[in-house]
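A.B. asks:
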Amino acid sequence: MQTVTILGATGSIGCSTLDVINRHPDKYRVFAITGNQQIEKLLQQAKDCAARYVVLADDNLYDKAREMAAQMQVESEILCGHKALEEVASAPEVTSVMAAIVGAAGLLPTLAAVKAGKRVLLANKEALVMSGALFIDAARQSGAEILPIDSEHNAIFQCLPDNFEYGELAASGIKQILLTGSGGPFRERTLATFSDISVEEACHHPNWSMGRKITVDSATMMNKGLEFIEACWLFGATSDDITVVLHPQSVIHSMVQYNDGSVIAQLGNPDMRTPIAYGLAWPERIDAGVAPLDFAKMADLSFSSPCYERYPNLKLAIDACNAGQAATTRLNAANEIAVAAFLDGEVGFTDIARINEETLNKLEPVSVSSLQQILEEDRKARDVARELVRGIA
Ligand code: NAD
Ligand code: MG
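For the sequence shown, UniProt numbering gives the first residue as 1, with consecutive numbering after it.
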């Protein structure tokens, strides 16, 4: 029996995780679930899955949550605040932690789970983008198992040889990691109209149903950029080892190309319950509730290379990956501010990449290694990006 904490339970990945867990009451029990603002949804989830703890990130919501829990007859204990997020991620009873908070807010609780040696189901790519070396070192020291939930990284993980050693791509006969991406909703849109893209258009992904931030990141392909950095850290790859391939149908979730000419791919319907079930049950396989791929009904699979003029954020991310930890932390921070400003109607779609690029240009190169320094670079980049947003708005 695994005892699971779900960080970010009210989100898209959190809900899919609860769905998979519900299918296997004999295998998984929920220890804690956490959320940010949606108190009622979180309490209902707690009631349904009989979570021992419910955690709200915001301290100020404690009284309201207690009151609602009494009304809804929720028996879970209510906790609030950032320390509580870290506590439920690292509690001794917990075996597995789903890290599904969006953005930098997920860094500290995810790191707490890593340091405590848990099985960490990593959906929160921003945490790894920010803290790369520190995160991987902490996992090595504690013995934490990091299982990638991002569908591409989960696919790559499945396509690597069983005896794959971190960073040993050449020794495993690997020529390339082929990181696939759909190209989002604007793959064929006329470039001249990009500044007119509305929030509604950007929030509609052709294949996946996800939270709003990652959906906008998919439209700009910053998501693929973050995933590029994520793949380097997860597998000990360099940027030369990874090629981004556009694959609009999202049937192949990524591939590994070997020296002998073989390419191993993982396929499936675009449903995050597949990688979630894989992470929960690894090395076994369990039912995820996902419909099997129907090859008779499948349309043609197509592939192409991404164009940086259309997806400037992808280029920024690959350059940042080569520049190092300060650059990737700053880019992630600027992007969170820019995307939030776009969603709030303060800046346009094409401003997102502009804000990201100018933020990186305005800050002097530094090298960072400690958590303190990473958080400082995150803060500095947010300040610069906010200033740029104010300039535009
Ligand atoms: P979402 O917006 O649907 O959910 C985010 C969750 O984080 C919610 O539970 C929310 O309450 C919580 N949260 C938000 N801000 C918080 C804060 N300041 N403090 C504490 N909690 C906070 O997002 P999602 O689509 O589920 O994505 C979650 C993570 O998984 C992201 O990092 C995303 O990149 C990654 N991911 C998502 C998908 C997907 O299909 N949705 C696929 C791959 C990777
Ligand atoms: Mg992905």
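Ideal Cβ positions, reconstructed from N, Cα and C, are used throughout, including at glycine.
(1) When DSSP labels each residue in this structure, what does G106 get in the three-state scheme?
(2) Are there three or more Cβ pairs, one per stretch, closer than 8 Å when the stretch 116 to 124 is compared with the stretch 292 to 310?
(3) Terminal residues of the continuous alpha helix (DSSP H) containing L160?
(4) Near E145, what residues of its chain come up, given a Cβ to Cβ distance below 6 Å and the 5 sequence neighbours on each side ignored?
(5) Three-state secondary structure (DSSP) at F303?
(6) Measure the beta-carbon distance from I197 to F349 and round it to whole angstroms, keeping in mind my assumption that it falls under 8 Å.
(7) Measure from the alpha carbon of G35 to the alpha carbon of each residue in D26, M98 and Q2, then state which is nearest.
(8) Check each candidate in G261, Y258, I174 and M221 and name the one with the smallest Cα separation from R187.
(9) Which residue marks the beginning of the alpha helix (DSSP H) containing P312, and which one marks its end?
(10) May I ask you to list the residues that DSSP assigns as paired with L178?
(11) Spell out the partners DSSP gives L267 in its beta bridges.
(12) With DSSP collapsed to three states, give me the class of Y53.
(13) By DSSP, does S90 sit in helix, in strand, or in coil?
(14) Quick check: is any heavy atom of the ligand NAD less than 7 Å from the C-beta of S12?
(15) Can L360 and L316 be called in contact, C-beta distance under 8 Å?
(16) So if DSSP puts Y278 in a beta bridge, which residue, or which two residues, is it bridged to?
(17) Contact between the stretch 227 to 243 and the stretch 376 to 390 is defined here as three or more beta-carbon pairs at a separation below 8 Å; is this criterion met?
(18) For S76, which residues in the same chain have their Cβ closer than 7 Å to its Cβ, ignoring the five residues on either side in sequence?
(19) What would DSSP say about G184, mapped onto helix, strand or coil?
(20) I want to know whether the stretch 238 to 252 touches the stretch 163 to 179 - three or more CB-CB distances under 8 Å.
(21) With hydrogens ignored, establish whether the beta-carbon of W233 is closer than 7 Å to any heavy atom of the ligand NAD.
(22) How would you call D240, buried or exposed, if buried means at least 16 neighbouring beta carbons within 10 angstroms?
(23) Taking just the CA atoms, how far does E87 sit from I69?
(24) For the putative contact between E336 and A104, defined by C-beta atoms under 8 Å, what is the C-beta separation to the nearest angstrom?
(25) Is any non-hydrogen atom of the ligand MG found closer than 7 Å to the C-beta of E152, if you look at the structure I gave you?
(26) Quick test of the definition: if touching needs 3 or more C-beta pairs under 8 Å, does the stretch 157 to 168 touch the stretch 262 to 270?
(27) Using 7 Å as the cut-off, classify the Cβ of E126 as near or not near the heavy atoms of the ligand NAD, replying yes or no.
(28) Please classify A133 as buried or exposed, where buried requires at least 16 neighbouring CB atoms within 10 angstroms.
(29) Distance check for I318 and S304, CA to CA, integer angstroms please.
(30) Could you give the first and the last residue of the continuous beta strand (DSSP E) run that contains F31?
(31) Determine the closest residue to L61 out of C80, L43 and E357, with distance taken between C-alpha atoms.
(32) Quick one: residues in its chain with C-beta nearer than 6 Å to the C-beta of G211, no 5 flanking neighbours on either side, listed in chain order?
(33) Report yes or no: do three or more beta-carbon pairs, one from the stretch 323 to 335 and one from the stretch 364 to 372, lie closer than 8 Å?
(34) Kindly list the residues whose CB is nearer than 6 Å to the CB of S254, restricted to its own chain and excluding five residues on each side of it in sequence; keep chain order.
(35) Skipping 5 residues on each side, what residues in its chain have a beta carbon closer than 6 Å to that of A112?
(36) Below 8 Å on the Cβ atoms is my guess for G8 versus G106; work out the distance and round it to an integer in Å.
C.D. replies: Quick look at the numbers:
(1) Stepping through the sequence shown from its first residue, residue 106 is reached at position 106. The answer is helix: DSSP assigns G106 an H, G or I state.
(2) No contact exists between the stretch 116 to 124 and the stretch 292 to 310.
(3) One-based indexing of the sequence shown puts residue 160 at position 160. Counting along the chain, no alpha helix (DSSP H) covers L160, and no H or E run does either.
(4) Here the question's residue 145 lines up with position 145 in the sequence shown. Closer than 6 Å at the Cβ level, and outside the excluded window around E145, lie R119.
(5) Position 303 of the sequence shown, counting from 1, holds the residue named residue 303. In the displayed model, F303 falls within coil according to three-state DSSP, outside both helix and strand.
(6) Within the sequence shown, residue 197 is the residue found at index 197, counting from 1. Within the sequence shown, residue 349 is the residue found at index 349, counting from 1. Separation of the CB atoms of I197 and F349 is rounded to 4 Å, and the pair is thereby assigned contact status at 8 Å.
(7) On the sequence shown, position 35 is the one that residue 35 refers to. Taking only the C-alpha atoms, the option nearest G35 is M98.
(8) Within the sequence shown, the letter at position 187 stands for residue 187. Taking R187 as reference, the option from G261, Y258, I174 and M221 with the minimal CA-CA separation is M221.
(9) Residue numbering aside, residue 312 sits at position 312 when the sequence shown is read from its first letter. P312 to A323 is the extent of the alpha helix (DSSP H) around P312.
(10) Walking along the sequence shown from the start, residue 178 turns up at place 178. Note: L178 sits in a beta bridge opposite T243 and M255.
(11) Within the sequence shown, the letter at position 267 stands for residue 267. Bridge partners of L267 according to DSSP: I252.
(12) For this step, residue 53 is matched to residue 53 along the sequence shown. DSSP, reduced to helix, strand and coil, places Y53 within a strand of the structure shown.
(13) In the sequence shown, residue 90 corresponds to position 90, counting from 1. Of the three classes helix, strand and coil, the one that applies to S90 here is helix, per DSSP.
(14) Residue mapping note: residue 12 aligns to position 12 of the sequence shown, counting from 1. S12: yes, Cβ under 7 Å from the ligand NAD.
(15) Mapped onto the sequence shown, residue 360 falls at position 360. Mapped onto the sequence shown, residue 316 falls at position 316. It is a contact, given that the beta carbons lie within the stated cut-off.
(16) As a working note, residue 278 is residue 278 in the sequence shown. In the DSSP output, where bridge partners are listed per residue, Y278 has none listed.
(17) Taking 8 Å as the limit for Cβ pairs, the verdict is that the stretch 376 to 390 does not touch the stretch 227 to 243.
(18) Position 76 of the sequence shown holds residue 76. Within the same chain, S76 has close Cβ partners A46, A51, R52, Y53 and V54.
(19) Mapped onto the sequence shown, residue 184 falls at position 184. In the three-state scheme derived from DSSP, where H, G and I count as helix and E and B as strand, G184 is classed as coil.
(20) At 8 Å Cβ cutoff, the stretches touch.
(21) Working through the sequence shown from its first residue, we reach residue 233 at position 233. Checking the 7 Å criterion, the Cβ of W233 is out of range of every heavy atom belonging to the ligand NAD.
(22) Within the sequence shown, numbered from 1, the residue matching residue 240 stands at position 240. It is exposed - the Cβ of D240 has fewer than 16 other Cβ atoms within 10 Å.
(23) Residue 69 sits at position 69 when you count from the first residue of the sequence shown. Residue 87 sits at position 87 when you count from the first residue of the sequence shown. Note on residue identity: the sequence assigns Ala, not Ile, to residue 69. Their backbone Cα atoms lie some 21 Å apart in a straight line.
(24) Indexing the sequence shown from 1 puts residue 336 at position 336. Indexing the sequence shown from 1 puts residue 104 at position 104. Cβ atoms of E336 and A104 come within 8 Å of each other, at about 6 Å.
(25) Sequence index remark: in the sequence shown, residue 152 carries index 152 (1-based). Remark: the shortest separation between the CB of E152 and any heavy atom of the ligand MG falls under 7 Å.
(26) With contact defined as three or more Cβ pairs closer than 8 Å, the stretch 157 to 168 and the stretch 262 to 270 are in contact.
(27) On the sequence shown, position 126 is the one that residue 126 refers to. Answer for E126: yes, Cβ within range of the ligand NAD.
(28) As a working note, residue 133 is residue 133 in the sequence shown. By the Cβ-count criterion, A133 is exposed, with fewer than 16 other Cβ atoms from all chains shown falling within 10 Å of its own Cβ.
(29) Within the sequence shown, numbered from 1, the residue matching residue 304 stands at position 304. Within the sequence shown, numbered from 1, the residue matching residue 318 stands at position 318. For S304 and I318, the distance between alpha carbons rounds to 18 Å.
(30) If you number the sequence shown from 1, residue 31 lands on position 31. Membership of F31 in the beta strand (DSSP E) is indicated by the continuous run Y28 to G35.
(31) Position 61 of the sequence shown holds residue 61. The candidate whose alpha carbon is nearest that of L61 is C80.
(32) Position 211 of the sequence shown, counted from the first residue, corresponds to residue 211. Only G11, S12 and V102 meet the Cβ criterion.
(33) Output reads yes: the stretch 364 to 372 touches the stretch 323 to 335.
(34) As a first step, residue 254 must be located in the sequence shown, where it is residue number 254. Once the five neighbours on either side are set aside, the close Cβ partners of S254 are E152, A155, I156, L179 and T180.
(35) On the sequence shown, position 112 is the one that residue 112 refers to. Excluding residues within five positions, the ones whose Cβ falls inside 6 Å are E86, A89 and S90.
(36) Position 8 of the sequence shown, counted from the first residue, corresponds to residue 8. Position 106 of the sequence shown, counted from the first residue, corresponds to residue 106. G8 to G106, Cβ: 7 Å. Contact.
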